[in-house]
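In what follows, a structure is listed as structure tokens, so that the remarks can point back to it.
Residue numbers (our numbering), protein chains in the order written: chain A, 220 to 570; chain B, 62 to 226.
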């Protein structure tokens, strides 16, 4: 395996409603911020890959428009995933492994404000044969939360703690959307949206974008004195048929843990793509992170840009390692209902 | 239910509704169009002028933050004669759809040509906008009914190719 490192990451402030700003106008500032910080241009990039969802924009091939945000002359090598941009990073990793590129720009973008997110994500993810059944994302998450609560894998107290900590940690994240603190009384007084989940258990509707640059070991030091290396990366998908999954068994994640030999690593920090409060204690337990500072950025509960929040987990882990005296970080990205598809990324700072 | 009424299919409409936003750059453009003005936007790096502007220069990947007022005159860069009627379209074929290159712009946009026999249309022909009455103006390029030929010498469209400065 070629060594690959993250050399830069930028995030647009997460907005409740970006209003007149279109996707291109959201992407341009973060890409330019990244280029300016590193003192480079698109000419230094071998491969460009984006992650977005055309259903969010409501137009076929809408992602192509996103390319107007970056310099494409002279012609560039680029690709796109109809997924979270964490998977765009994965594709870029492969491109570098294959020797087709030494540097890659990854960007993700999403506006959830223009449409009804529950219906949009349902249409994107529901593997229907004849007609959509329209299961919405919150109801599906609630089913998993119920299973975890009934099996005592997650407790209601842990869910409250996850919400309170996310809000408290939002002060570490200048781009966070939700920053008001919540106490236990307010949490308990809140009406259920889809039992057992109330509004605090769910992520806010968010608009935004993020960008990242990764590079092979040889090139990484041209960009920065302190690249953060991707020590391991693995992703697994479980059945799209919810009924055939045991929602209390993280089969895919356990396979990734074994593949990456994570049980041998003591992590200093972790950022998880946990969109709902019950997912935080659940994954902390699965990933053995109970004593590891987790979601210091507040995570998706304080800002959840669709098709971006997974890349943000990787980016926030990168930032934590970069600006603190820490060595090992774990990032998690997710896609699909009830943590169907998960990616684990082990980041390491070389001393 | 009688045998004739049985259906062998079920209807299942799928709809999503959106609040579409044009983008802040295109919004600036459309606000000018509402006033009967065509204002393109220019790239600060390569100086290409875009109309209608989409907010970025796709060559350079930077915001087109320089407003460039344009005339409603230009030339036909390319065209097609439409012979097939489109359901719901009030225009009677044959008619002409043309790529219009306004003077001072570096890209063209699609619009109608009227006021001339379709057989006489040619690439390079000079044209000018025919606007709807002012009280019908909205945030749309449909404020221009169509373009019509004007009595000026043809342009060699090869000279319109954008050369990077």
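Cβ atoms here follow ideal geometry from the backbone N, Cα and C, with glycine treated the same way.
What whole-angstrom Cβ distance do residue i and residue j have, given they're in contact under 8 Å?
i	j	result
residue 431 (chain A)	residue 530 (chain A)	6 Å
residue 386 (chain A)	residue 226 (chain A)	Not confirmed; about 31 Å, so no contact.
residue 132 (chain B)	residue 164 (chain B)	5 Å
residue 563 (chain A)	residue 475 (chain A)	5 Å
residue 534 (chain A)	residue 228 (chain A)	4 Å
residue 519 (chain A)	residue 494 (chain A)	5 Å
residue 428 (chain A)	residue 231 (chain A)	5 Å
residue 426 (chain A)	residue 234 (chain A)	5 Å
residue 517 (chain A)	residue 388 (chain A)	4 Å
residue 329 (chain A)	residue 77 (chain B)	In fact, because the Cβ distance is near 15 Å, the residues do not count as touching under 8 Å.
residue 302 (chain A)	residue 459 (chain A)	Contact doesn't hold; Cβ gap of about 14 Å is too wide.
residue 134 (chain B)	residue 211 (chain B)	7 Å
Only counting the same chain, and skipping five residues up and downstream in sequence, which positions put a Cβ closer than 7 Å to that of residue i?
i	result
residue 185 (chain B)	136, 137, 215, 216, 217, 218
residue 548 (chain A)	486, 487, 488, 489, 536, 539, 540, 566
residue 121 (chain B)	104, 106, 107
residue 352 (chain A)	345
residue 68 (chain B)	none
Just how far apart, CA to CA, sit residue i and residue j?
i	j	result
residue 485 (chain A)	residue 539 (chain A)	15 Å
residue 103 (chain B)	residue 129 (chain B)	7 Å
residue 457 (chain A)	residue 481 (chain A)	20 Å
residue 25 (chain B)	residue 463 (chain A)	Residue 25 (chain B) lies beyond the residue range present for chain B, which begins at 62 and ends at 226; the question has no answer from this structure.
residue 263 (chain A)	residue 322 (chain A)	7 Å
residue 395 (chain A)	residue 422 (chain A)	12 Å
residue 350 (chain A)	residue 472 (chain A)	31 Å
residue 222 (chain B)	residue 168 (chain B)	9 Å
residue 86 (chain B)	residue 125 (chain B)	8 Å
residue 508 (chain A)	residue 545 (chain A)	15 Å
residue 148 (chain B)	residue 154 (chain B)	12 Å
residue 304 (chain A)	residue 294 (chain A)	22 Å
residue 453 (chain A)	residue 391 (chain A)	28 Å
residue 195 (chain B)	residue 183 (chain B)	30 Å
residue 289 (chain A)	residue 254 (chain A)	11 Å
residue 348 (chain A)	residue 317 (chain A)	37 Å
residue 357 (chain A)	residue 413 (chain A)	7 Å
residue 340 (chain A)	residue 143 (chain B)	40 Å
residue 513 (chain A)	residue 503 (chain A)	8 Å
residue 100 (chain B)	residue 90 (chain B)	6 Å
residue 543 (chain A)	residue 170 (chain B)	52 Å
residue 97 (chain B)	residue 88 (chain B)	14 Å
residue 443 (chain A)	residue 256 (chain A)	10 Å
Compare the Cα-Cα distances from residue i to each of the options and report the closest residue.
i	options	result
residue 461 (chain A)	A:508, A:363, A:444	A:363
residue 160 (chain B)	B:224, B:188, B:97, B:68	B:188
residue 239 (chain A)	A:332, A:255, A:429, A:340	A:332
residue 220 (chain A)	A:509, A:435, A:454, A:518	A:435
residue 551 (chain A)	A:569, A:542, A:501, A:544	A:501
residue 315 (chain A)	A:437, A:286, A:497	A:437
residue 469 (chain A)	A:561, A:365, A:390, A:513	A:561
residue 492 (chain A)	A:523, A:336, A:404	A:523
residue 113 (chain B)	B:162, B:195, B:81	B:162
residue 633 (chain A)	A:384, A:528, A:415, A:393	As displayed, chain A neither begins before 220 nor continues past 570, which places residue 633 (chain A) out of reach and without an answer.
residue 424 (chain A)	A:397, A:296, A:532	A:397
residue 260 (chain A)	A:251, A:343, A:339	A:251
residue 527 (chain A)	A:360, A:270, A:311	A:270
residue 324 (chain A)	A:342, A:296, A:301	A:296
residue 285 (chain A)	A:327, A:361, A:320	A:327
residue 373 (chain A)	A:415, A:241, A:404	A:415
residue 570 (chain A)	A:448, A:532, A:506, A:510	A:448
With residue i as the anchor, note down where its alpha helix (DSSP H) starts and where it stops.
i	result
residue 139 (chain B)	It is not in any alpha helix (DSSP H) - residue 139 (chain B) instead sits in the beta strand (DSSP E) that spans 134-143.
residue 274 (chain A)	273-276
residue 388 (chain A)	375-388
residue 552 (chain A)	First-last for residue 552 (chain A): 547-554, but that is the beta strand (DSSP E), not the alpha helix (DSSP H).
residue 335 (chain A)	Careful: residue 335 (chain A) lies outside any alpha helix (DSSP H) and carries neither H nor E.
residue 445 (chain A)	Note, residue 445 (chain A): premise wrong, no alpha helix (DSSP H); not H, not E.
residue 305 (chain A)	304-316
residue 487 (chain A)	Looking at the DSSP string, residue 487 (chain A) is not in any alpha helix (DSSP H), and its letter there is neither H nor E.
Locate the beta strand (DSSP E) running through residue i, then write down its first and last residues.
i	result
residue 328 (chain A)	322-330
residue 402 (chain A)	Per DSSP, residue 402 (chain A) belongs to no beta strand (DSSP E) and is neither H nor E.
residue 171 (chain B)	170-174
residue 266 (chain A)	266-270
residue 411 (chain A)	411-413
residue 228 (chain A)	223-230
So, at 6 Å on beta carbons, what are the nonlocal neighbours of residue i in its own chain, with the 5 sequence-adjacent residues on each side left out?
i	result
residue 439 (chain A)	224, 226, 446
residue 84 (chain B)	116
residue 95 (chain B)	198, 200
residue 140 (chain B)	157, 159, 182
Is residue i near the ligand SAM, with its Cβ less than 7 Å from a heavy atom?
i	result
residue 500 (chain A)	Among the components of this structure there are no ligands whatsoever, and the ligand SAM is therefore not found.
Could you work out which residues of chain D lie near residue i, taking near to mean beta carbons separated by less than 7 Å?
i	result
residue 288 (chain A)	Annotation note: the requested chain D is absent from the structure, which comprises protein chains A and B.
Return the chain-ordered list of same chain residues with a C-beta closer than 8 Å to the C-beta of residue i, the five sequence neighbours on each side being excluded.
i	result
residue 417 (chain A)	406, 409, 410, 411
residue 279 (chain A)	273
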